[in-house]
Amino acid sequence: MSEIPPEMRNWRARLFTRAIHSYFACARGMTMGVRAACFDAEGRVFLVRQSYVPGWLMPGGGIERDETAGEALAKELREEGNLVLGDPPELVHVYHNRLTSRRDHVIFYRCLNVVQAEPKRADYEIREAGFFALNDLPAETTPATLRRLAELSGKAPFADVW
């Protein structure tokens, strides 16, 4: 098995992830989520720092029953960053997120010309959020986020595992 990624080395993050996926294992046969690289008109990417997983990552979350991937994406962007889509989201890739769970998949989108309706205030889930220039990302940006940005820029081939 692969090395545990830094964002999952924290025992609280592992415990939370295991608990939520245990619940979803009973509620669903497979879990699926959405995540997006959201860029504003200046080409900056939007990142969030959550309360339960260390590091900066792209916004996203699980798809609920009776919810489309597009609806889940719009909901997560609104909830995690007060973001409003500019251009229609572009489906980029679907990943197997096997380090989180053998049943988890992530639908990854690129969203351009995203605007923030108002600054995101810290809450129980999101501690910080903001747009960052690609050459000035926070030091704690997660390895998965860096891999996705490298794929989008053409610096790395697309992987099948998140």
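Each residue of the sequence shown is one higher than the last, beginning at 0 in my numbering. Just so it is clear, CB atoms sit at the ideal spot from N, CA and C, and this is done for glycine as well.
From the beta carbon of residue 46, is the nearest beta carbon of chain B less than 8 Å away?
Absent from the structure is chain B; it holds one protein chain and no more.
With 16 other CB atoms within 10 Å as the buried threshold, where does residue 58 fall?
Residue 58 should be labelled buried.
Could I get the ranges of all uninterrupted alpha helix (DSSP H) runs contained in the region 45-130, with 4 residues as the minimum, in chain order?
Scanning the region 45-130 from its first residue to its last, the whole alpha helix (DSSP H) runs of 4-plus residues come out as 68-80.
Considering only the alpha carbon of each residue, which of 48, 161, 146 and 71 lies closest to residue 104?
The residue with the shortest Cα to Cα distance from residue 104 is 161.
Cα separation between residue 61 and residue 30?
For residue 61 and residue 30, the gap between their C-alpha atoms comes out near 7 Å.
Are residue 35 and residue 88 touching if we call contact CB-CB under 8 Å?
Yes, they are a contact pair.
Any idea if residue 126 is buried or exposed, counting beta-carbon neighbours within 10 angstroms, 16 or more meaning buried?
With fewer than 16 other beta carbons inside 10 angstroms of its own, residue 126 counts as exposed.
Which of the three DSSP states, helix, strand or coil, is assigned to residue 8?
It is coil, neither helix nor strand.
At the level of alpha carbons, what is the spacing between residue 106 and residue 14?
One C-alpha to the other measures close to 24 Å.
Please classify residue 10 as buried or exposed, where buried requires at least 16 neighbouring CB atoms within 10 angstroms.
Residue 10 should be labelled exposed.
One or two residues paired with residue 147 in a DSSP bridge
None, per the DSSP bridge assignment.
Closest to residue 108 by C-alpha separation, out of 123, 122, 147 and 130, would be which residue?
Nearest C-alpha to residue 108: 147.
So, are the CB atoms of residue 115 and residue 81 less than 8 Å apart?
Yes, they are a contact pair.
What's the gap between the Cα of residue 47 and the Cα of residue 63?
Pairing residue 47 with residue 63, the inter-Cα distance amounts to about 21 Å.
Would you kindly work out how many angstroms separate the C-alpha atoms of residue 43 and residue 128, rounded to a whole number?
Residue 43 and residue 128: Cα-Cα distance of roughly 13 Å.
Evaluate residue 67 with the Cβ neighbour count: other Cβ atoms within 10 Å of its Cβ, from every protein chain shown; 16 or more gives buried, anything less gives exposed.
By the Cβ-count criterion, residue 67 is exposed, with fewer than 16 other Cβ atoms from all chains shown falling within 10 Å of its own Cβ.
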